[in-house]
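Visitor: Residue numbers (my numbering), protein chains in the order written: chain A, 2 to 438; chain B, 2 to 438.
Quick reminder that beta carbons are idealized off the backbone N, C-alpha and C, glycines included.
Computed from a predicted structure; not experimentally measured.
Mind looking over this structure? Questions follow.
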């Protein structure tokens with residue numbers, strides 16, 4: 002190719018083939034509809050923000066990953082999550098919003114991570130958050146699992162588990178053991194239990210000079226098991242006299258009670274006391290969600306309660322609770338593991354194929370089908386009939402309408418079901434009825 | 002605010018309040034559904050591209066506006082339209098696509114224009130294009146106005162006009178007048194006729210040394226008027242013996258014939274021989290669309306036919322035809338002129354308000370309503386009843402369900418219509434029926 006630029010997409014940037022994109026969009030739409038069913042308001046903040054605003058809080062690893070650049074005099078950055086823009090938004094429009102402020106945002110975020118398979122530098126996050134003004138009822142923490150449940154059902158999943166914990170239980174435990182200052186390190190070690198196992202966790206705890214006795218209490222705590230109610234009972238039985246612990250336990254009990262009122266089946270949620278999540282951000286309830294058969298994929302929907310959303314922008318206290326689905330990564334994982342498959346995805350319900358050079362009836366039929374709400378494409382290229390059907394195959398359309406001399410003469414259409422191969426002659430009205438079924 | 006960063010959004014970046022965002026999203030969805038009704042496949046290319054790829058064609062004014070920066074070793078740019086990414090995509094995945102390739106893309110693009118009211122640096126474009134492999138039937142040019150018509154009807158407009166021209170007619174005219182080398186300058190001058198008027202156009206044509214005689218022919222051509230059929234007749238009567246002209250006129254006649262077959266009313270389209278558009282890009286049919294009562298807004302949907310989409314990336318000849326709606330700007334203009342109004346937009350169909358501290362029934366009712374497809378929010382904050390109704394008002398919800406001691410005792414709900422003020426007691430099943438109406 003002389004003087005041509007090679008058309009290539011940057012590594013780490015997801016770009017799908019049309020049938021994959023149709024499936025991706027279906028999932029995005031299902032998530033959006035689920036979020037709207039719970040009354041969340043849509044937001045669409047800019048992808049570019051003033052660096053000073055966007056990085057008010059950031060630091061360390063995150064800051065290194067940020068796409069930051071100047072344009073004219075402006076120091077700009079691309080958003081790396083949807084939470085910081087939400088904090089900015091709520092602080093900026095505080096007077097114009099009604100609290101509790103329930104918003105969802107589905108959009109692309111940017112992180113210059115090391116390129117590796119299934120890790121994207123541009124990826125969709127699908128977030129919901131409920132922001133209170135000063136305070137926010139714990140019942141909101143119980144509605145969140147109901148949102149997760151509804152959303153994953155809409156995505157076509159049945160076997161998934163929403164794992165719930167409360168950071169105050171862990172914090173209270175550490176306070177009561179006078180290990181508060183080691184809490185961060187301990188949590189970081191506990192967080193690895195699924196990966197490295199009990200013994201390695203104990204070993205690492207020893208390495209940071211935790212006494213054997215205290216390690217035993219911690220491990221006893223971690224080993225709490227059984228049904229949700231059994232776990233709550235065992236937590237009670239620990240009989241830990243600590244305000245934070247008791248507050249956390251009461252919140253967890255309230256959340257469990259209302260999760261059930263919201264009709265989330267016991268099969269779809271559990272208490273998991275090992276979940277710590279984002280060490281300094283979350284302050285109460287935390288969530289992780291796993292596909293039962295594909296736990297190795299990691300959490301597919303996570304979040305939790307935080308005390309103060311926008312402290313870098315405003316003195317107003319704005320507690321919140323929310324979750325996020327990393328849709329691009331989830332989509333990749335589901336495709337990669339053959340859990341979903343885009344082979345038969347189509348936009349058009351029907352393709353109209355003309356057997357003659359007279360396209361009048363094709364155009365008329367197409368307009369009528371579209372008016373009836375049927376997605377309709379016409380093949381109006383001068384191709385061989387064989388190639389027109391090949392085109393229908395490649396588009397995955399389920400139905401083809403054939404219009405030839407006979408059809409024009411008799412004012413009928415021939416409708417061919419591309420799956421069964423069945424082919425019948427109909428009036429246009431009859432064909433619409435068949436297609437609408 | 003001590004130590005706080007001022008939460009501010011960059012100038013030139015649209016950020017909407019929730020009710021405005023709801024309306025914006027409705028419009029975006031209407032456009033998407035209309036595009037899908039015509040069988041266009043969705044694409045979602047990255048916002049960031051390799052500068053070498055993205056700027057293969059760009060230059061001059063556009064290049065200055067581009068958000069271009071480096072990250073590590075990479076020279077990156079944000080897309081400034083959806084056409085260049087389409088060209089890249091079609092060249093990159095040529096072997097995996099079926100032609101004609103019909104795609105739509107709705108997404109944000111970036112141009113660092115001078116900040117001015119109603120001009121955005123980040124804005125949505127909503128594009129459809131049909132790309133042929135080697136050739137593309139002229140009937141596609143007739144289907145495009147049908148897409149525009151369907152889309153603006155779905156957006157709620159009746160009084161709009163799709164103006165159509167064919168660049169070959171103008172080019173052929175210039176060729177026949179031996180003014181081919183001046184064509185670009187003449188077109189640029191003619192393009193201003195709506196703004197500066199006939200006489201100023203003549204004056205400017207004189208200034209570039211066009212003879213009076215030729216100016217008269219050009220002006221006679223421009224003054225062609227009447228109905229669509231009268232214009233076609235007058236074009237015939239010019240009796241210009243030039244191959245390009247005749248080709249353009251034949252294409253225009255074919256397009257007009259099929260626009261009517263596609264049932265676009267004569268009230269909603271016209272031939273406008275003054276439309277030139279994108280001087281070097283479009284090669285055949287061109288479109289502009291105006292709201293009849295708000296012509297001053299300029300074209301709200303434009304596009305046309307081009308000979309070769311991806312010549313910078315591939316030797317393959319890929320002719321296409323497409324249109325674009327600049328949704329962010331359109332939305333601003335419609336709001337700014339009071340043509341649309343977001344005052345009553347709501348996501349939730351119903352807000353559940355509890356009169357007691359017992360939220361069990363609220364949560365149960367909410368879950369049942371959501372299962373029935375009704376967008377439902379619960380007010381579960383410890384607020385005064387007055388404030389709960391104020392919240393309902395500010396959310397614009399049309400219905401409130403009130404659950405108090407009586408309702409819990411009788412297992413009923415009180416449904417209040419917030420517009421009529423009417424209030425009735427129902428069983429949950431009855432309430433769902435009323436809300437579904």
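Cβ of residue 155(A) within 9 Å of Cβ of residue 37(A)?
Guide: Contact: no.
Visitor: At what residues does the beta strand (DSSP E) containing residue 270(A) begin and finish?
Guide: From DSSP, the beta strand (DSSP E) with residue 270(A) extends over 270-272.
Visitor: Which term fits residue 168(B), buried or exposed, when burial requires 16 or more other beta carbons within 10 angstroms of its beta carbon?
Guide: Result: buried.
Visitor: Three-state secondary structure (DSSP) at residue 129(A)?
Guide: Strand at residue 129(A).
Visitor: How far does the alpha helix (DSSP H) with residue 363(A) in it extend, from its first residue to its last?
Guide: Start and end: 361-372.
Visitor: Contact criterion: CB-CB distance below 9 Å. Does residue 332(A) meet it with respect to chain B?
Guide: No, because no Cβ of chain B sits closer than 9 Å to the Cβ of residue 332(A).
Visitor: Tell me which residues share the same chain as residue 186(B) and place their Cβ nearer than 7 Å to its Cβ, disregarding the 5 neighbours each side in the sequence.
Guide: 209.
Visitor: In chain order, which continuous runs of the alpha helix (DSSP H) of length 4 or greater are located wholly inside the region 215-270 of chain A?
Guide: Runs of the alpha helix (DSSP H) inside the region 215-270 of chain A: 229-238, 244-262.
Visitor: Comparing alpha-carbon positions, which option in 423(B), 371(B), 388(B) lies nearest residue 40(A)?
Guide: For residue 40(A), the nearest C-alpha among the options comes from 371(B).
Visitor: Do residue 429(B) and residue 414(B) count as a contact pair if the criterion is CB distance below 9 Å?
Guide: Yes, Cβ-Cβ distance for residue 414(B) and residue 429(B) is below 9 Å.
Visitor: Examine the Cβ distances between the region 353-372 of chain A and the region 250-268 of chain B and report whether three or more of them are shorter than 8 Å.
Guide: With a cut-off of 8 Å, the region 250-268 of chain B and the region 353-372 of chain A count as touching, because enough Cβ pairs lie within range.
Visitor: Using 9 Å as the limit for Cβ to Cβ distance, is residue 138(A) near chain B?
Guide: Yes, contact with chain B.
Visitor: Quick one: does residue 2(A) have its CB under 9 Å from some CB of chain B?
Guide: At residue 2(A), the pLDDT of 46 sits below 50, so the modelled position is not reliable; the number obtained from the coordinates is stated separately. True, the Cβ-Cβ gap to chain B drops below 9 Å.
Visitor: Interface residues of chain A around residue 84(B) at Cβ under 9 Å?
Guide: Residues of chain A passing the Cβ test: none, with the nearest at roughly 13 Å.
Visitor: If the cut is a Cβ gap below 8 Å, which residues of chain B does residue 381(A) touch?
Guide: 138, 140, 141, 144, listed in chain order.
Visitor: Does the region 374-381 of chain A come close enough to the region 348-356 of chain A to have 3 or more Cβ pairs within less than 8 Å?
Guide: At 8 Å Cβ cutoff, the stretches touch.
Visitor: When you compare the CB of residue 288(B) with every CB in chain A, is at least one pair closer than 9 Å?
Guide: Not closer than 9 Å to any Cβ of chain A, the Cβ of residue 288(B) fails to qualify, so no.
Visitor: What three-state label does DSSP hand residue 40(A) in the structure shown?
Guide: Three-state DSSP puts residue 40(A) in coil, outside helix and strand.
Visitor: So what does residue 377(A) bridge to, in DSSP terms?
Guide: Partner(s): 351(A).
Visitor: Please tell me whether residue 236(A) has its Cβ less than 9 Å away from any Cβ of chain B.
Guide: So, not an interface residue.
Visitor: Helix, strand or coil for residue 2(B), going by three-state DSSP, please let me know.
Guide: Per-residue confidence for residue 2(B) stands at a pLDDT of 46, beneath the threshold of 50, marking its modelled position as unreliable; no derived number is given.
Visitor: CA-CA distance, residue 15(A) and residue 107(A)?
Guide: Roughly 16 Å between the two C-alpha positions.
Visitor: Check residue 198(B) in the structure and name its three-state DSSP category.
Guide: Residue state, collapsed to three classes: coil.
Visitor: CA-CA distance, residue 2(B) and residue 128(B)?
Guide: Residue placement at residue 2(B) cannot be trusted, given a pLDDT of 46 that sits under 50; what the coordinates show is reported in the next sentence. Distance between the alpha carbons of residue 2(B) and residue 128(B): 44 Å.
Visitor: Please specify which runs of the alpha helix (DSSP H), each continuous and at least 4 residues long, are wholly inside the region 77-157 of chain B, giving them in chain order.
Guide: Entirely contained in the region 77-157 of chain B, the alpha helix (DSSP H) runs reaching 4 residues are, in chain order, 84-93, 140-155.
Visitor: Within 10 Å of its beta-carbon, does residue 75(A) have 16 or more other beta-carbons around it, so buried, or fewer, so exposed?
Guide: Classification of residue 75(A): exposed, given that the 10 Å Cβ count is below 16.
Visitor: Roughly how many whole angstroms lie between the Cα atoms of residue 58(B) and residue 193(B)?
Guide: Residue 58(B) and residue 193(B): Cα-Cα distance of roughly 26 Å.
Visitor: List the residues of chain B whose Cβ lies closer than 9 Å to the Cβ of residue 123(A), in chain order.
Guide: Ordered by position in chain B, the residues that pass the 9 Å Cβ test against residue 123(A) are 47, 48, 49.
Visitor: Would the beta-carbon of residue 287(A) fall within 9 Å of that of residue 166(A)?
Guide: Cβ distance < 9 Å, so residue 287(A) and residue 166(A) count as in contact.
Visitor: Would you mind sorting residue 386(B) into buried or exposed? The rule is 16 or more other CB atoms within 10 Å of its CB.
Guide: Residue 386(B) is exposed by the Cβ-count criterion.
Visitor: According to DSSP, is residue 325(A) helix, strand or coil?
Guide: Here residue 325(A) sits in strand by DSSP.
Visitor: Relative to the C-alpha of residue 345(A), which residue among 298(A), 394(A), 70(A), 327(A) is closest?
Guide: Per the Cα distances, 394(A).
Visitor: Along chain A, which residues have their Cβ under 7 Å away from the Cβ of residue 414(B)?
Guide: Residues of chain A passing the Cβ test: none, with the nearest at roughly 16 Å.
Visitor: How should residue 50(B) be labelled, buried or exposed, when 16 other C-beta atoms within 10 angstroms of its C-beta is the threshold for buried?
Guide: Buried: at least 16 other Cβ atoms inside 10 Å.
Visitor: Taking only beta-carbon atoms, is residue 8(A) less than 9 Å away from chain B?
Guide: Answer yes: the Cβ-Cβ gap between residue 8(A) and chain B drops below 9 Å somewhere.
Visitor: Which residue marks the beginning of the alpha helix (DSSP H) containing residue 173(B), and which one marks its end?
Guide: Note, residue 173(B): alpha helix (DSSP H), 168-177.
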